[in-house]
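Enquirer: Residue numbers (the numbering used here), protein chains in the order written: chain A, 1 to 113; chain B, 1 to 113.
Cβ atoms here follow ideal geometry from the backbone N, Cα and C, with glycine treated the same way.
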DNA sequence: TTTGTCTATAACAATGTGGTTATGAAGGAT
DNA sequence: ATCCTTCATAACCACATTGTTATAGACAAA
């Protein structure tokens, strides 16, 4: 998977409220599929599909405990996408600073005129 | 639009490589639709649709200059989604610290035993 | 006014997403 | 052995996404 494809998968995974809620739940610690499904008015296969997308994006990983497949968050994918956004934010804030400087100079010149 | 719907729209918008490339281009400054379309092997209506999704997510806004509709980045939506991810990252790193503490304690106890 | 440029929209096709029910496989528990 | 729980997969449906071509609107230029 290329970096771009990984971003595709991660952003796609984060674009659904059910999946974000699942991630929020997993922040508190591991959980089985049934445990994750419980709060939602949704069938178990629907949750399994959501988990598959989260796993494909590298946002979660799954273990084995008898019949259960406990899910846990993987921080790396989250860190990568945060990093990507941070880069943009930095450039953007840089632009703002540039604009601020420009406006300050403009105002200074007006004062002089 | 609820905060959750805004996150849906923003993550969906960011989940496409063409749209991310458009944002990258707009980091350098305003650009018209034709200018944005130029680097892509894609029709102008396709680009217009991408711009519509970016606009719906609040990631860009558009002005008017004769026939042209110059696009520019809106930092706020980017800041919001970055904030959301940061919250998660913090909790996640918090968990890591917790784990580190746990491991340190465990090792200390082993030393004592 | 006619022409040309920039952009949006409509109509369409292919594919992806998000849900369902039905069913099967893995693995305790009785 | 049999049953129950957990989970995944297949088949299906409705709708969204992503591209296409064709066309129309707004506006400048001739």
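Establish whether the CB of residue 63(B) and some CB of chain A are separated by less than 8 Å.
Expert: Not closer than 8 Å to any Cβ of chain A, the Cβ of residue 63(B) fails to qualify, so no.
Enquirer: Let's test the definition: count the other Cβ atoms within 10 Å of the Cβ of residue 64(A) and tell me whether it reaches 16, buried, or not, exposed.
Expert: Flag for residue 64(A) reads exposed.
Enquirer: So, helix, strand or coil for residue 89(A), using DSSP?
Expert: Reduced to three states, the DSSP call for residue 89(A) is helix.
Enquirer: Applying the 10 Å Cβ sphere with the 16-neighbour rule, what's the burial state of residue 82(A)?
Expert: Label assigned to residue 82(A): buried.
Enquirer: Given this structure, state the Cα-to-Cα distance separating residue 76(B) from residue 67(A), to the nearest angstrom.
Expert: Roughly 45 Å separates the two Cα atoms.
Enquirer: Chain B partners of residue 4(A), CB-CB under 7 Å?
Expert: Residues of chain B passing the Cβ test: 17.
Enquirer: Give the residues from the segment 66-84 of chain A that approach chain B closer than 8 Å (Cβ to any Cβ), ordered along the chain.
Expert: Residues passing the 8 Å Cβ filter: 73, 75, 78, 79, 81, 82.
Enquirer: I'd like to know if residue 51(B) contacts chain A, where contact means its C-beta is closer than 8 Å to some C-beta of that chain.
Expert: It does not; no Cβ of chain A falls within 8 Å.
Enquirer: If I measure Cβ to Cβ from residue 13(A) and keep anything under 7 Å in the same chain, skipping five residues before and after, which residues do I get?
Expert: Correct list, in chain order: 19, 53, 54, 57, 59.
Enquirer: Give the interface partners of residue 14(A) over in chain B, defined as CB-CB distance under 7 Å, in chain order.
Expert: Chain B residues near residue 14(A): 11.
Enquirer: Based on DSSP bridge pairs, tell me the residues matched to residue 65(A).
Expert: In the DSSP output, where bridge partners are listed per residue, residue 65(A) has 68(A).
Enquirer: Below 8 Å between beta carbons: does that hold for residue 70(A) and residue 31(A)?
Expert: Cβ distance < 8 Å, so residue 70(A) and residue 31(A) count as in contact.
Enquirer: Going by alpha carbons, who is nearest to residue 85(A) out of 40(A), 50(A), 11(A)?
Expert: The shortest C-alpha separation from residue 85(A) is found at 11(A).
Enquirer: If you measure from the beta carbon of residue 35(B) to each beta carbon in chain A, is any gap under 8 Å?
Expert: Output row for residue 35(B): interface = no.
Enquirer: Using the DSSP secondary-structure output, state which residues sit across from residue 60(B) in a beta bridge.
Expert: Per DSSP, 73(B).
Enquirer: Which term fits residue 46(A), buried or exposed, when burial requires 16 or more other beta carbons within 10 angstroms of its beta carbon?
Expert: Burial call: exposed.
Enquirer: Closer than 8 Å by beta-carbon distance: list the chain A residues that pair up with residue 86(B), in chain order.
Expert: Ordered by position in chain A, the residues that pass the 8 Å Cβ test against residue 86(B) are 82.
Enquirer: Using DSSP with H/G/I as helix, E/B as strand and the rest coil, what is residue 15(B)?
Expert: If DSSP states are grouped into helix, strand and coil, residue 15(B) belongs with coil.
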